[in-house]
Amino acid sequence: LNLAPGINNDVAYGSAGSGLAYQLDGVDTSDPEGGTAWSFVNYNIVEEVQLVGLGAAAEYGSFTGVVFNSVTKSGGNEFKGLVDAYFTNESLSDSFSGAEFEGLNPRTESFIDTTAQIGGPISQDKLWFFISGQYFKEENSNGGPIRTEESPRIFGKLSWQANEQNNIEGWLEWDRYDITGRGADAVTPIEATVTEDAPEYVANVKWSSILSENTILNVSYGGYDGYYYLDPASGYDIAGRLDYATGLYSVNSTYYYLADRKRNQVVASISHFADNFIKGDHDFKFGMELERSTLRSRYGFPTGVWFYDNYGYYDDPGTEEYDPVYYTQGYYNYSYDLKGTIERGTLFAQDSWRIAPTFTVNVGVRAEFNQGSVPGQDKVFDGTAVAPRLGIAWDLTKDGKTVLKAHYGRYYEKFVATEFYYAQPGAFTPYIYRNIYPSGYVEDLGQVTADTVVFDQQVDQPYMDQYTLGIDRELGGGITASFTYINREKKDFVETVSRDGVFVPVTGVIRETGRTATLYDYLNPEDDVLAYRNPEELHRKYEGYMFVLNRRLRDNWQMMLSYVYSEATGNIDNLSFGGFYGGDNAGSFLNTPNSLVNAEGILTNDPTHAVKLQGSYAIPKLHLLFSGNYTFNTGDTYNIRTTCLLVDGECYDFNQGTVRVHGEPRGSRRLDDKSELDLRAEWYLEVGENDDRFGLFLDIFNVTNQARFTLVEDRAGSAFESGRSTNQPRTYRIGAKYTF
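Residues 1 to 740 in my numbering are what the sequence shown lists, from first letter to last.
Take a look at the structure:
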């Protein structure tokens, strides 16, 4: 995914990672809560990967980034398989020098990834099998205690050629994704982490039928059943703590999270080729999708509270002394238990109409019917989304070597539970703040947000309008050059906003930047109600210019070079779950107007200049194969966040408690640029007379050992801009593979 031009850190052409449609054999396996990846499979079972995003036809939907489809392997009439293993450990990893990286150096203590798989005939020309098993384990550290990740995976597939016209295949995967020390780093000891337990089953069945020489029917069913639980490492009977003075967590995790998921989907399509029909040749495709997903998400604090020690410095009201002391702020009561059901129906029709040998029109339309239900309210979301698509391909030189392409399409975001299931009655308990002084005096600061969410008007599905214009030119020698202009704009974001809030404007000066700003004092959070809306002021835009030079494999070498210049702007970020910055999934971002202060600007994932160079070179006489990947892109953005609005020389005391806002326009600062080179060297040997092959590998990641922060502290204070995480240092990995 991230090797493709225009895609960095799972962000495709300015869209958040949740805007990707993750598919296995054409069936979506995303998380129905927020649209992020859910099922993790062994890469060895993947025959090929298909990326569709720019100019995608009507059969592709429920995405604003790209469709990322992995096609699984099948057995055949010959027995084929592989056994491989990859390994690295601390002695094969370097570290970063410099005081700024002290305590942050990520290191791999040990890593092992092994696969054994085989496929072949059960009955020649009739029935085949494929089975794969993987064991993956990694122990690493982000400058703190050891984080251990362990994941066994088993995959089995049967393919049956019932007759000349009908083929049926089905597969089942079982896997686990278990982590101890999740969240461990330089400021989080093992007792303050969570433990992840995540088993699942994933299944898929597909029937393909040749109805005539020009007509093909495909029907698939896929789905999964699983959960992942993040349990506090020290249990549920002790509260977690964070020290404001040191930034250190202690005692226990400050939260727990429990997620249960079931997803079921049917996809059917019929393709028909009609030549010499209505002034040209037509390649028609009609299809439908049905989805029913259920989910439950639970979140809260162990014992119902967590403590922020040394949060402030003030007189202790519990004593007669007037000497300031440090006090603790407690966050009480907040939790949720959310349940939701998604029911989605989709119809699409498309036509690739070859009007002339040199000119093709691609036209289509996609209609989605979305319903979301919660306990106690039944159906709370009921919407219809219609997405037209229109594109052309024009052979300018009439020799198939120069093609002009243009496309317009509307793409609706996948329908997810965050767009409706906060409206479940009684799902939330309110957030209550209290200050606790050394004398034992407790100051109740009240409720910070509303705990009731409703639908009080029609809410539309978020969508993206995309325009592309490009030209491809075959240069000879197996080399093709292409240029594409990309313009994307996303609208109709879904957020929860205050319905009955009383907000009083307060104008002052932001202490850290000296900028004048107007914030809002929230007078009645305990009486307010939040409502799902499509706030008109929210917007996000991406504009990019992409150049790609590709050389197909010939004379033992191949290469792809890409350069993308782009800009991602708006007032809501291109993160999946954005929190303070906003993102694709509805949350607390716009519960008060304060989130929009200085919100307009450059988004976090804005790799202005992005260069990728990939290639491989073989020396058959020496049984050697070399390959590499170089990536450069401009660093992510950030900006200072502050809690102090100076009014008459003092930080204003807001009724709702702490108000943290952008102290300067969004994306005013940047992290260091990424410039990393990865290399692989393989020595292989043909074994026997049946094309068996044994190979040894050496991988080197981040060859130059470039060191940079991937995240810095953006909150105002003495730690502002200090590093919170880094990229991986130079790492060597060895491997061996036997294929037969």
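Note that beta-carbon positions come from the ideal geometry of N, C-alpha and C, so glycine has one too.
Does the beta-carbon distance from D673 to G723 come in below 7 Å?
no
CA-to-CA distance, V374 to V597, given in whole angstroms: 33 Å
**Asked** If you drop the 5 nearest sequence neighbours on each side, which residues of the same chain put their C-beta closer than 6 Å to that of G344?
**Response** The sequence shown places Arg at residue 344, not Gly. Only E291, N370 and F415 meet the Cβ criterion.
Margin query: Judging by CA-CA distance, which residue of S212, L445, D337 and S718 is the nearest neighbour of N166?
Written below: S212
Between the region 528-543 and the region 487-504, do at least 3 Cβ pairs fall closer than 8 Å? yes
Check your understanding: Going by the CB atoms, is the gap between N594 and L519 shorter than 7 Å?
Key -> yes
Give the single residue among D84, N264 and V49 whose Cα lies nearest to the Cα of D31.
N264
task: With hydrogens ignored, establish whether the beta-carbon of R708 is closer than 6 Å to any heavy atom of the ligand NAP.
output: This structure simply doesn't include the ligand NAP, nor any ligand for that matter.
For V661 and R641, which I take to be in contact (beta-carbon distance under 8 Å), what is that distance rounded to the nearest angstrom? 7 Å
Any chain B beta carbon closer than 7 Å to K206:
In the displayed structure, chain B is absent; only one protein chain is listed.
With a Cβ-Cβ cutoff of 7 Å, do N487 and Y467 count as a contact? yes
* Return the bridge partner residues of N370 from the DSSP annotation. => R344 and G383
**Asked** For E689, which of helix, strand or coil comes out of DSSP?
**Response** coil
> Out of R680, Y684 and R670, which has the shortest C-alpha to C-alpha gap to F701?
Replying inline: R680
(Q) I'd like to know whether the C-beta atoms of A99 and G65 end up nearer to each other than 7 Å. (A) no
Exercise. Note down, in chain order, each residue of its chain lying with its Cβ closer than 6 Å to the Cβ of D94, except the 5 sequence neighbours on either side.
Key: N705, P729 and R730
Specify the secondary structure class of S30 as computed by DSSP and reduced to three states. strand
- prompt: Using the rule of at least 16 other Cβ atoms within 10 Å of the residue's Cβ for burial, across every protein chain shown, is N2 buried or exposed?
  reply: exposed
>> I'd like the list of long-range same chain contacts for D10, defined as Cβ closer than 6 Å, with 5 residues on each side in sequence excluded.
In response: G17
Local conformation of T108 per DSSP, three classes = strand
Less than 7 Å between C-beta atoms, sequence neighbours within five positions excluded: which residues of the same chain meet that for G181?
P145, I146, R147, T148, I190 and T193
Fill in: Beta-bridge partners of T72, as assigned by DSSP
V46
(Q) Report the CB separation of V67 from E48 in whole angstroms; it is logged as a contact under 8 Å. (A) At roughly 14 Å, the Cβ-Cβ gap does not stay under 8 Å, so V67 and E48 are not in contact.
| Given S151 as reference, the closest of T513, V365, G615 and G133 once Cα atoms are compared | G133
Residue closest to T604, alpha-carbon to alpha-carbon, out of S616, P620 and G583
G583
Nearest-angstrom Cα distance between N89 and E109? 5 Å
Problem - Residue burial classification, F483 (beta-carbon count within 10 angstroms, cutoff 16) - result: exposed
Okay, do the region 573-581 and the region 546-559 touch, 3+ Cβ pairs below 8 Å being the bar? no
query = Where does A423 sit, in a helix, a strand or coil, going by DSSP?
reply = helix
>> Taking the beta strand (DSSP E) that V83 belongs to, which residues open and close that run?
In response: K80 to N89
Exercise. Would you decide whether W353 is buried or exposed? Buried here means 16 or more other CB atoms lie within 10 Å of its CB.
Key: buried
On the three-state DSSP scale, how would you describe T604?
coil
Please report the distance separating the alpha-carbon of A239 from that of F307.
7 Å
Can you name the start and end residues of the beta strand (DSSP E) that T484 belongs to?
I479 to K491
### Message
Let's see if you can read the secondary structure: which residues bound the beta strand (DSSP E) around P505?
### Response
F503 to I510
message = For V386, count the other beta carbons within 10 Å of its own beta carbon; 16 or more makes it buried, fewer makes it exposed. Which is it?
response = exposed
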